[in-house]
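Participant: Sharing a structure below in structure tokens format, with a few things to ask.
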Amino acid sequence: MARTSPENREPVFTPIAQNGPATASSKYKDITSQFNDSKDRGRPDSDIQTINRRKEIQFKASHFLLIGFFLWIFLLHAIGIYFFTKGFLLTRLVLDYKSECTAPPFDLGKQSPRTYTDGCWHPKTFDKAVIIIIDALRYDFTVPFSGIPHHFHNALTVLDETARQSPGNAFLLPFIADPPTSTLQRLKGLTTGTLPTFIDIGSNFAGTAIEEDNLLGQLRNAGKTLVHLGDDTWHSLFPGYFDANLTHAYDSFNVWDLFTVDNGVTEHLIPLLSTENTGKWDVLFGHYLGVDHAGHRYGPDHPATNSKLREMDDVLRKVITLMDDKTLLVVMGDHGMDVKGDHGGESDDEVEAALWLYSKKGVFGRGHNGKMEPPPTAKERPVGQIDLVPTLSLLLGMPIPFNNLGAPIAEAFVGPGKPDWQRLASVNALAGAQISRYQHEYSRSRGLAESIFSLPQGYWADGLQSWKEAVQHKERGDLYATAFEKFSQYQQETLRICRGLWATFNIPSMLEGIFILASAVGVVAVFARSSGPSTAEVVPVYLSHMTVLGAIGGASVLLIATILPGMVAKDTSLLGLAAGGIGGFGWVFLELQKGFSLPFPRSLWGWLAVVFTLSQSIGFASNSYTIWEDEIMLCFLGTFAFVAFAASIRQEFFIERILGMSQAAAFFVLSRLASLSRLCREEQMPYCRSTYYASTNSSTSAPWQLLIPLITAILLPVVIKTYYQGTRSYQGSATLWVGFALRMGLLGSAIFWVLDAADDNEWLKMSQGSLKMIKIVLARLLLGSAFVVGTTTFVYGNPCINVEVTPEANADTNDGVVTKPKSVKVFGYANVHGTRYFLLVTNWLLAIFLLQKPMGGGAIGILAVQILALLEIIDTNDLSQTAIGPVVLGLLGSFHFFKTGHQATLSSIQWESAFVALRTVTYPWSPLLVVLNTFGAQILTTVAVPLIALWKQPPKKPRLLSDVAKALATLLLYYAVINLATTMWAGWLRRHLMLYRIFSPRFMTAAAVLITVDLVGILVAIGSLRWNFASIAEVFGWS
Amino acid sequence: MTETTEAKPRKLIPISQPISVLPSDIARLYTHLHPIIILTVYYFCFPYLVADPVSVLFKALAPLAHLQITYCVVCLPQSSGGSTPSPTSSKGPTTRKRVQFAQSAKSKPTSVGSRITPAIISLLLCLSLSAPLLTVILILFGAPLTTHFWHNLLCATHISLLGVLPLFYVHGVNARMWREISGACLPFDEVWGGLVGAVVGAWLGAVPIPLDWDREWQKWPVTIVTGTYLGWFVFRFAGEYFLRGKRIEFD
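Residue numbers (UniProt numbering), protein chains in the order written: chain Y, 1 to 1039; chain B, 1 to 251.
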């Protein structure tokens, strides 16, 4: 590309003067006529108008087709992500049905009392229960060990001792957790009796509260008083379930604290067991965290674990002595821990917890399998954690929750002495019949064929047959035993199938998704980075071929799916659509091959862009590089600034050299300044200190942080103004918008956050309600001015130029009277496109700034200046055609994602941003606000990407639209490669210990970013070009 | 816009030439021996460096400076311009050919005594100018801001002793030369290769830090210093033998 030397890029442009009077009717008429192509000069005005009209239509058509092409790319990304997600993200539909006390699924005749007082589906055994969870109680912590003991051995002995000495009073069994073994997921499993998957598709938007039928819900329905002591996770799952006076919850966050929670639980638990207090509650939940925290902090083989286990032993012995004989005592671990004391994955050590049931009634037994003593290892006679729900439900006389898939634990029902087969068969019949109910409803809701459950249904039929015979032949007890066997087999087989449905990755679907995403990367790479004909020439051909072939592909698959319903599912037609589109693109590319060069980097800058993107992508295969992504982004941005500084030194022209060097240095320093804002993820501990909020375990800002938006509001408009003044572009719309609206808007946001802090800390003597209202009105006003007023200004505003017309004048000189021709001066000519388009960036800046917390507002302000500095670096070093500009924008987006208090984890989503401008959850606005908060940095950089091509370019530069399209495509390429890499790694590492904690959330982040960036890029960046070009063409004519 | 014929080239046209080692046998021998000695010593110091980075890096400064000065004095031609910047350097860059740096020294080696003084001056310049600047750059790249000040300063000092000291010795403080150096447009030779290698090595040295291997040597700034030494070693030879005369091109 030929570039004009700086002398020709003066901010003030003086076109050749033209004869003829200036008409007042059109302010810009003079320059318009000047700027029409030389070949058009001298033609009559009407001709020029016709030509201009034709060019305008040409531009609008190519612009329209370009949007169509980008929509295709979006479609490919969406289809690829859909197919991968379908196979990868294990999802389960949550059914809202609840089991009823009066409607048992299986008719036991007179044995079903159907009342809460005697028992719903089965006569109850206990009135009250104390349920104690010792977090991370691994099975081998509880059984005697005869070799050389570790610290965790032989410390907690009471469980084994009681189960051995009085089998009628207690039993101890391995208690196998279903992964993921995090406490929250485990509590869901322990109370609903089902398998929590990574995503349970429910009806709630943000909360974690359990909405499906569960044991606690049933107990509350029956009017029982529930008390909870310990880990506060219970309260986010079961808000409002517990008796407010007796319940004491403790923060589960601080894993370094081994004592606060445990001491609190014990302190309140023991008094509640005394005879004068037992009347106050029905079911008591105690959740101890000390053992888990000792594991996290020191590992299991450490004296701290030992003393924690001994403490638990003491507590349990005390509880046993205090208990009355109507009460059931349950002690369990919700998961185990690995050798380092951590959990979350699915290794044996993490899933093997312990379960112990105790009562003074002496109703338990062992008879059904002849084994009396607790299993020596967790590999023998284990029960599933989901089995607890039906067991407790039936023991306490509750209906079994609707979604339960577990079976009653035999030891609890078999009875002391001779096995009571009839009782075993009837509790299993109840559980089995409920599973059967659930399975029909689930199949119906999800459109599953009943045939996949045919094997277990066979067992069920056999069991029913034996049951009927047993009822008829009362003397033959062995028939009940057969029925019990068959019912158990039915439950196990159904569970296996459900596990298969929810816990088995669908590899072909994942591969299809990856293949489509990889092809889409190829398509975008070719489109963005191969030099050749302008996009205006190739896009129509691409678009027509992709659409026709895609339609053929999709329609033909759909036809097959309709004719042969069993062979392929309907959504396979999307695959046909994508394949057709990719095929169409490839076809055109092969035909036009000679006109293109392959998309390989041709300069150090291009290579730098490739190295940044690829090394980051490869790094996502490692959990360490994924965890430390924020620091890596800083290093990459620094590298860019470092190289840009060196490159700028090579500039021969002084002004350009100083501009490039200073902007590179500013970019470098601002990156480091922004990096001071951090919100550490759990895995970064203890090498990271969060600064985003007032302290590491608060989520509100410190008072001094409120100054950050204020300082940004004062400085940012001034800084933006200096960038405009460099080309004398601080004219027209810019003065009003940047100088007034943006400044006021930023100040308003700063005030909003002060009010928010005042609300949190009750600084003002004002009612909460009126303060909230002021906040919401202010926020809506600001968002309205950003999007409504801002967009209107952008659409109808004039370019940021000023035209000075000096009329023809006679001047007396020594040589006599000289006629000075009429002259026209255009201020701000050198950056017509850039300065006008940047106004759109400020609109989005304003909205995103408001939605960030104070610290994040500072980061977004820095991002805005960094974008401008990048544009100057790109311009002075003539890099607008290389990939480095859009890729660095992409890096900036990723970097500031972290600097605005986010991490690639679900827990770091700032849900409360939905309530900045809304009182309640309102669709679609609440999710949009959360997206603007979460991906604000990426959105802002995407809106800014056309500037890479537009900044300081002459108004009628040929192929400008094509350059913008390529810049946007390059940015999409960066995010698409990141998405492809995280997708591939998540799929490849699907059995990795850290899948749920690291790889899966990173994949979900990348996919969400790609979809967001696609949509913003198409609708905002490309879409708004139409008005930008039209407004400039009004002055300078169409190119 | 139409193209205008450009009166001046837009980019700096470098006039620097590759440096050659002094034409004596001892210079040719020592220039190969020197990096091997330094790397061997580094290898044996490594366990102590891991155990206590600050004190080991500090204690190593004097021997390293000593070795580098010896290397400069024995092997390298000294700057002819001395400490006076060329007054014409900014005037007509295309017309002047500054080959005398390498040429003059090559023709007649001066006495050892007269070469020690510029070497000491180079050391002082290197400690007072480039070490603080590199510390700032390290921090900008993400080095700990508040906690590891001495680590950063010593790490930067090692980089500048290895990479920058010989450049001061051979190019003096000529403004034009230093503009070419900071614009990274010198031709490759063993001196320039050494600096490029030290910088690239330090950059790559950051790669293993985040890994969760829980090794003692992953701590700041051990990997950076190690990367610096290895990169310097490799690029010194690569710059002399494979890349000699080539320049880094951005576009």
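The beta-carbon is built from N, C-alpha and C at its ideal position, and this holds for glycine as well.
Remember, predicted model here, so these are calculated numbers, not experimental data.
1) Helix, strand or coil for Y:A354 per DSSP?
2) Could you tell me which whole beta strand (DSSP E) segments of length 3 or greater appear in the stretch 280–333 of chain Y?
3) Strictly under 9 Å for the Cβ-Cβ distance: is Y:R650 near chain B by that measure?
4) In angstroms, rounded to a whole number, what distance separates the CA positions of Y:N403 and Y:G193?
5) Assign Y:G890 to one of two classes, buried (16 or more other C-beta atoms within 10 Å of its C-beta) or exposed (fewer than that).
6) Anything in chain Y within Cβ reach of B:E216, meaning under 7 Å, just list it in chain order.
7) What's the gap between the Cα of Y:G586 and the Cα of Y:S573?
8) Which residues, in chain order, does the stretch 665–693 of chain Y contribute to contact with chain B at a C-beta distance below 8 Å?
9) Going along the chain, which residues of its own chain have a beta-carbon closer than 7 Å to the beta-carbon of B:Y42, five neighbours each way excluded?
10) Excluding the 5 residues preceding and the 5 following Y:T900 in the sequence, name in chain order all residues of the same chain whose CB lies nearer than 7 Å to its CB.
11) Using the Cβ count rule (16 or more neighbours within 10 Å means buried), how would you classify Y:S454?
12) Can you name the residues of chain B whose CB is closer than 9 Å to the CB of Y:N831?
13) Roughly how far, in whole angstroms, is the beta-carbon of Y:C688 from the beta-carbon of Y:Q731, given that I think they are within contact range, below 8 Å?
14) Distance, Cα to Cα, Y:S913 vs Y:R780?
15) Helix, strand or coil for Y:L736, going by three-state DSSP, please let me know.
16) Any Cβ of chain C within less than 9 Å of the Cβ of Y:A647?
17) To test your reading of the DSSP string, which unbroken alpha helix (DSSP H) runs of 4 or more residues are found completely within the stretch 887–948 of chain Y?
18) Flag B:R176 as yes if its beta-carbon sits less than 9 Å from any beta-carbon of chain Y, otherwise no.
19) Considering only the alpha carbon of each residue, which of B:A119, B:S160, B:Q78, B:V207 lies closest to B:V196?
20) In chain B, which residues lie less than 8 Å from Y:E631 when you measure between Cβ atoms?
21) Could you tell me whether the Cβ atoms of B:S201 and B:W220 are closer together than 9 Å?
22) Hey, out of Y:L396, Y:A136, Y:Y438, whose CA is closest to Y:K98's CA?
23) Look at the alpha carbon of Y:T983 and the alpha carbon of Y:I627, and state the distance between them as a whole number of angstroms.
24) Which residues in the same chain have their Cβ closer than 6 Å to the Cβ of B:P14, if we skip the five residues on either side of it in sequence?
25) Check whether the stretch 81–95 of chain Y and the stretch 433–451 of chain Y are in contact - that is, three or more C-beta pairs closer than 8 Å.
26) So which residues of chain B does Y:L889 contact, with C-beta pairs closer than 9 Å?
27) With distance defined between alpha-carbon atoms, name the residue in Y:L511, Y:T535, Y:A163, Y:E591 nearest to Y:P174.
28) Contact criterion: CB-CB distance below 9 Å. Does B:V191 meet it with respect to chain Y?
29) Let me see if you follow: with CB-CB separation under 9 Å, is B:F250 close to chain Y or not?
30) Is the beta carbon of Y:T305 closer than 9 Å to that of Y:V315?
31) What are the uninterrupted segments assigned as beta strand (DSSP E) that are 3 or more residues long and contained completely in the stretch 169–198 of chain B, given in chain order?
32) For B:R247, which residues does DSSP report across the bridge?
33) So, with DSSP's three-state summary, where would you put Y:R991?
34) Which stretch, first to last residue, makes up the beta strand (DSSP E) that contains Y:I400?
35) To the nearest angstrom, how far is the alpha carbon of Y:I998 from that of Y:G513?
36) For my contact list, Y:G619 and Y:G580 are in at a C-beta cut-off of 8 Å; report their separation, rounded to the angstrom.
Facilitator: Here's the rundown:
1) strand
2) Qualifying beta strand (DSSP E) stretches, in chain order: 283–288, 327–332.
3) yes
4) 7 Å
5) In this structure Y:G890 is buried. Its beta-carbon is surrounded by 16 or more other beta-carbon atoms within 10 angstroms.
6) Those do not exist, as B:E216 stays about 14 Å from chain Y at its closest Cβ, beyond 7 Å.
7) 20 Å
8) F668, V669, S671, R672, S675, L676
9) Here the set comprises Y229.
10) Excluding positions up to five away in sequence, the list reads Q852, G856, A859, I860, G936, A937.
11) By the 10 Å Cβ count, Y:S454 comes out exposed.
12) By Cβ distance, chain B contributes nothing, its closest Cβ being about 14 Å from Y:N831, past 9 Å.
13) About 46 Å separates the two Cβ atoms, so there is no contact after all.
14) 13 Å
15) helix
16) Absence of chain C from the displayed structure is noted, the protein chains being Y and B.
17) 925–934, 936–944
18) B:R176 does not count as touching chain Y.
19) B:S160
20) G142, P210
21) Here the sequence assigns Gly to residue 201 of chain B, which means Ser is not the residue at that position. Not in contact: B:G201 and B:W220 (Cβ atoms no closer than 9 Å).
22) Ranked by Cα distance from Y:K98, the first of Y:L396, Y:A136, Y:Y438 is Y:Y438.
23) 16 Å
24) Excluding residues within five positions, the ones whose Cβ falls inside 6 Å are E180, C185.
25) yes
26) Correct list: empty, because the minimum Cβ distance to chain B is about 19 Å.
27) Among Y:L511, Y:T535, Y:A163, Y:E591, the Cα nearest to that of Y:P174 is on Y:A163.
28) no
29) yes
30) no
31) none
32) B:P187
33) The DSSP-derived three-state label of Y:R991 is coil.
34) Taken as a continuous stretch (DSSP letters only), Y:I400 belongs to no beta strand (DSSP E), as it is neither H nor E.
35) Between Y:I998 and Y:G513, the C-alpha separation is close to 20 Å.
36) 34 Å between Cβ atoms; not a contact.
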